[in-house]
Each structure stands twice: as structure tokens, then as C-alpha cells.
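**Q** Numbering of the sequence shown is given in the working numbering, commencing with residue 2 and proceeding in unit increments.
Every residue, glycine too, gets a C-beta built ideally from N, C-alpha and C.
Since we're looking at a predicted model, the values are computed, not measured.
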Amino acid sequence: MESLVWMIGSSVTIYTTFKMGTRVSGGFVNVFMFFQFSAYTAFMWKFLGLLETMGWPVPYSIREVVEMLFGIFAIISIYLLTKMLRKLSRDMHGNKS
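#1: Measure the alpha-carbon distance for Met55 versus Phe48 and round it to whole angstroms.
#2: Could you tell me whether the Cβ atoms of Phe40 and Ile15 are closer together than 7 Å?
#3: Suppose the cutoff is 7 Å on Cβ atoms and the five residues either side in sequence are ignored; what does the same chain contact list for Thr42 look like?
#4: Tell me where the alpha helix (DSSP H) around Met93 begins and ends.
#5: When you compare the CB positions of Val30 and Leu82, do they come within less than 7 Å of one another, or not?
#6: With respect to the alpha helix (DSSP H) encompassing Val25, which residues constitute its N-terminal and C-terminal limits?
#7: Could you have a look at Trp46 and say whether DSSP puts it in helix, strand or coil?
#8: Which word fits Thr23, buried or exposed, when buried means at least 16 other C-beta atoms lie within 10 angstroms of its C-beta?
#9: Look at Phe35 and Thr18 and say whether their C-beta atoms are less than 7 Å apart.
Next up, the structure:
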């Protein structure tokens, strides 16, 4: 059940980031791109886990690599999002440093 919820959540994230990413410019595109990478790897990670619970043999190392990629892409996307939001805030409120 958890795998299905993760897969549905990943699909929603992939769809929304695609829709939002095709309508924006600048730094937003980089953020949405890495959010999509994170969602794709999360989907694959849980899909492989679901296959394994259904009895299909999936090498554990493959799931671990996909899980590691999910973590890396998630960290990069959060970093890019905070960087982009700080720049946006600075542009909106002026540089007061």
C-alpha cells in the first residue's frame, strides 16, 4: 500500500512540475527539473520494491542505487529552491545588506 501511495504521489509531482516547468523561465526551470528527477527516482524506487513484494527478484543493489539517486536529487532540488527563493526575495525587497 505504501508503495502505491508513493507512486501516485510521484506521478502527481511529475505532472505538476512538468506543467509548471513549461510555463516559467529563469531559475524556476532548474528547480522543477531536479524535482522531476527526484520524483522519477522515487517512483522507480517504490516500483522496484512493489515488484519485489509481488515475488519478482530485484537485486537489492539496484534499489539502493535508485534510493541514493532519489536522495541526491531531492537535496539538490531543495538547495536550488532555497537559493532561487532567496534571490527572488532579494529582488522583491531590494538588496538591504
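**A** To lay it out plainly:
#1: It is roughly 11 Å from the alpha-carbon of Met55 to the alpha-carbon of Phe48.
#2: According to the sequence provided, residue 40 is Ala. The question's Phe does not apply to it. Going by C-beta atoms, Ala40 is nearer than 7 Å to Ile15.
#3: Val67, Leu70, Phe71, Phe74
#4: 61 to 94
#5: Going by C-beta atoms, Val30 is not nearer than 7 Å to Leu82.
#6: Val25 -> no alpha helix (DSSP H), and no H or E assigned at all.
#7: helix
#8: exposed
#9: No, the pair does not count as a contact, with Cβ atoms beyond the cut-off.
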